[in-house]
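Protein chains: 2
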Amino acid sequence: MKITMKDIAEEAKVSIATVSHVLNNKPGRVSDAMREKIKKIAREKKYVTNHTARQLATNKSNTIGIIVPDLENYFFASMVSRLQAKMRERGYFVLVVTSNDEIRNDLEGIRLLVSRGIDLLAISVSNAAQNHPEEYLSMLEDLSVPAIMIDRIIKEFKGSKIRFDDFSGMNKLTEYVIDNHHRKIAFLNGDMNMARTAGRIQGFLASMEAHGCAVDQKDIYDGDYSFESGYALFDAIYDQHTYTAIIAANDMMAYGLMNRAIERGLTLPDDISISGYDNVIFSEMLNPSLTTVNQDMNSLMDEVLRVIDLSLKDPHYSENIIIDTQLIKRNSVGSI
Amino acid sequence: MKITMKDIAEEAKVSIATVSHVLNNKPGRVSDAMREKIKKIAREKKYVTNHTARQLATNKSNTIGIIVPDLENYFFASMVSRLQAKMRERGYFVLVVTSNDEIRNDLEGIRLLVSRGIDLLAISVSNAAQNHPEEYLSMLEDLSVPAIMIDRIIKEFKGSKIRFDDFSGMNKLTEYVIDNHHRKIAFLNGDMNMARTAGRIQGFLASMEAHGCAVDQKDIYDGDYSFESGYALFDAIYDQHTYTAIIAANDMMAYGLMNRAIERGLTLPDDISISGYDNVIFSEMLNPSLTTVNQDMNSLMDEVLRVIDLSLKDPHYSENIIIDTQLIKRNSVGSI
DNA sequence: TTGTACGCGTTATCAC
DNA sequence: GTGATAACGCGTACAA
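Taken in order, these protein sequences are the chains called A and B. With my numbering, you'll find the first sequence wraps up at 336, consecutive numbering, no jumps. With my numbering, you'll find the second sequence wraps up at 672, consecutive numbering, no jumps.
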């Protein structure tokens, strides 16, 4: 049986109002003796406040919702994890919904969260979202709570957007590879349907062009961000015997490339240089360790929390933030 | 402004009761014409049910809560992710709390979830919990909802418990190594404060003894499950020049061992065999690929869901389940 | 076929 | 200092 304020009020022979005041630590009003008595009873009976009822009465949930494509993805798991820890410090609870990268689930998730009464919605949209922004925008617009987009955004969205700078990240990585005297470089591209692919390849192309390195259509290989696609494409790339380096659009494909290279008995980076993007935790543990681009989760969270705090105060607050990345020089890219 | 049933009732010129009936798809009562009219208005006004109010009225939340130590840990992220997907199919929402492996947060999490009104609590307790079971047990006992423990359990807990069989997993792995004619085997142990460490080392010792392989105290090396501890201890182990194999209590430490071995120019598994435990996703991608033990998440989830379904029906249902593991033979363990 | 009225647990306003 | 009581939005038994 659940203990309510009513039970405590009866036991203490006071009104519910008084119990409420005491349990919420409101100053004044009640005598110290009564305060103690009520608190004692609450403790003994193991009273726990019914958040649902409070929410109904106050129309305030002290809860924010977040929708991410996939918790099995370390990036999002880490994001959610930190967000929850930080928001807890602020007295907020975080509701998490995973969309499995399906628009349908994004939209259902929004409904689900809103129906539960959140004070703010954060979302990393599904990859396909950018192709169908209308639904999102109309849905988010007449939401009664502020919304922000993190990492995976929709350009047209008018609320706050926070993301990493793919263009400059890949740009400076490419620059670094070129600085190591590589001229013939293959680019292993990711899935072009994914939100963040375009920025990366453009960063690569811009850097190559800036340094007068020719890039032909056939120097771009189409992977899908998976280990397998890197593994499968290595032979095709390497056996051209024209490249001295391969830049992969993410670490997983770079692993695939390296794995096949080592399997073929090649020496890295002497026979060929390979780089990745994301700085996955294992990248440091490989032999050779992987040169890649890091996206600092702390920087992201700092901005996210700043924007959340502001949005909670002013629901119409809006800001577009692009976060810088760091080039991580390790041993998989060599100088020639 | 939020749309409520009242708004719809006014617009349709009927009572709130009628609107409620229609929106909850209750059979009979209302005329088809009125049904359509009400649904249309709800759609136009973008009505979304106030779950908070419903919960207060029905005392049913269609929500379960889960507490895990850490979402950045793939195992738990995967667990939560699948649980959420499966429970969604059942019309349930999953509230997630991370404890950061601190008892304090476990207990606070329980309070937090209960105050929000969950129909069931699932928890993977903090590692230190087994040392202080009293608090948990008293807290969970007079909880008004059923509770189950997953993976990280407290032995004394009387509700349902579901976990993997560490003993038999490590036992058969050791057996396999011995079958490959290894006799002098070093064991790289994990943190003994962690819930699942004991079972693993016991499985190793039992198998060694069963095959008449001597194990001395100094053949057990104390790691802490981290890559670094494996990396740091490799030299100490290898330079004994007595071992032909090292069994690590998890994959991360095995990575550390392998990394240092390769750095020293050794050939695996010719110079020394190494095995892990957990079958982390990257274990397949290493050179050589890592022989390890897999804990099938699908099997775990099947059992978890079965128990949840039963517990939701009968709050006093209780079962103690131990799930089998699979030996994954790859290339890091060689025959001698 | 539809409406009335009450309860869910809490907060907040006002009265005493 | 303390108590009554009206919201909050919804579900439901009982009337009509």
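Glycine included, each C-beta is placed from N, C-alpha and C at the ideal position. The model shown is predicted, which means the values in this text are computed figures rather than measured ones.
Exposure of residue i, with buried meaning 16 or more beta-carbon neighbours within 10 Å
i      : result
B:N361 : exposed
A:D324 : exposed
A:N131 : exposed
A:H241 : exposed
B:T354 : buried
A:P27  : exposed
A:T267 : exposed
B:S367 : exposed
B:R452 : buried
A:N50  : buried
A:A236 : exposed
A:A33  : exposed
B:T628 : buried
Cβ separation of residue i and residue j, assumed to be a contact under 8 Å, to the nearest whole Å
i      : j      : result
B:I446 : B:L431 : 12 Å between Cβ atoms; not a contact.
A:I172 : A:L327 : The sequence shown places Lys at residue 172 of chain A, rather than the Ile named in the question. That pair is a contact at about 5 Å.
A:L56  : B:A389 : 6 Å
A:I103 : A:A128 : 6 Å
A:C213 : A:I185 : 7 Å
A:N287 : B:I598 : 5 Å
Cutoff 8 Å; reference residue i; Cβ partners in own chain excluding five residues on either side
i      : result
A:N100 : P69 and D70
B:S671 : N516 and H517
A:L107 : E135, Y136 and M139
B:S480 : V450
A:L300 : M79, I150, D151, I162, F164 and I323
A:A249 : M170, F187, L188, N189, G190, T197, R200, I201, G223, Y225 and Y277
B:F563 : M588, M589, Y591, G592 and N595
B:D606 : G670
B:I352 : M341, K342 and A345
B:I608 : Y574, Y579, T580, A581, I582, A597 and L602
B:K375 : V358 and L359
Cβ neighbours of residue i in the same chain (closer than 7 Å, five flanking residues each side left out)
i      : result
B:K381 : I339, D343 and I344
A:V215 : L205 and M208
B:L648 : D455 and L456
B:L646 : Y653
A:A195 : N127, Q130 and R152
A:L233 : L188, Y221 and G223
Contacts around residue i, its chain only, beta-carbon distance under 6 Å, and the 5 residues preceding and following it disregarded
i      : result
A:G159 : A147, I148 and S318
B:A458 : I402, I484 and I486
A:Q295 : F164 and T325
B:R365 : H357
B:Y319 : The first residue shown for chain B is 337 and the last is 672, placing residue 319 of chain B beyond what the model contains.
B:T510 : F540 and S543
B:F493 : M485
B:N441 : S435
B:H547 : I514
B:M423 : V430
B:V433 : I403 and G445
Residue i Cβ short of 7 Å to the ligand NAD heavy atom set
i      : result
B:R365 : Ligands are entirely absent from the displayed structure, and the ligand NAD is therefore not among its contents.
Contact list for the region 244 to 255 of chain A against chain B, Cβ threshold 8 Å: Answer in chain order: Y255.
When you check each C-beta in the region 447 to 458 of chain B against every C-beta of chain A, which residues fall closer than 8 Å? Look at the region 447 to 458 of chain B: the residues with a C-beta under 8 Å from a C-beta of chain A are R447, L448, V450, S451, R452 and G453.
Counting beta carbon pairs with one atom in the region 611 to 618 of chain B and one in the region 579 to 590 of chain B, are three or more of them shorter than 8 Å? yes
Closer than 8 Å, Cβ to Cβ, to anything on chain B: give me those residues from the region 294 to 307 of chain A, in chain order. Closer than 8 Å at the C-beta level to chain B, one finds no residue of the region 294 to 307 of chain A.
Residues from the region 372 to 399 of chain B in contact with chain A, defined by Cβ distance under 8 Å: With the criterion set as a beta carbon lying under 8 Å from some beta carbon of chain A, the members of the region 372 to 399 of chain B are K382, V384, T385, N386, H387, T388, A389, Q391, L392 and S397, in sequence order.
Check whether the region 155 to 175 of chain A and the region 194 to 205 of chain A are in contact - that is, three or more C-beta pairs closer than 8 Å. Contact holds: three or more Cβ-Cβ distances are below 8 Å.
Given 8 Å, three or more beta-carbon pairs between the region 627 to 643 of chain B and the region 414 to 430 of chain B: Segments in contact, yes.
For the region 124 to 142 of chain A, list every residue whose C-beta sits within 7 Å of some C-beta in chain B, in sequence order. D142
Are at least three pairs of beta-carbons, each pair with one atom in the region 219 to 238 of chain A and one in the region 184 to 191 of chain A, less than 8 Å apart? yes
So if I threshold CB-CB distances at 8 Å, which residues from the region 479 to 504 of chain B count as touching chain A? S480
Chain-ordered residues of the region 269 to 291 of chain A with a beta carbon less than 7 Å from chain B: F282, M285 and N287
Quick one: which residues of the region 509 to 533 of chain B get their C-beta closer than 7 Å to a C-beta of chain A? List them in chain order. none
Closer than 7 Å, Cβ to any Cβ of chain A: which residues of the region 348 to 370 of chain B, in chain order? none
Determine which residues of the region 404 to 417 of chain B have a Cβ less than 9 Å from any Cβ of chain A, and write them out in chain order. D406, L407, E408, N409, Y410, F412, A413, S414, V416 and S417
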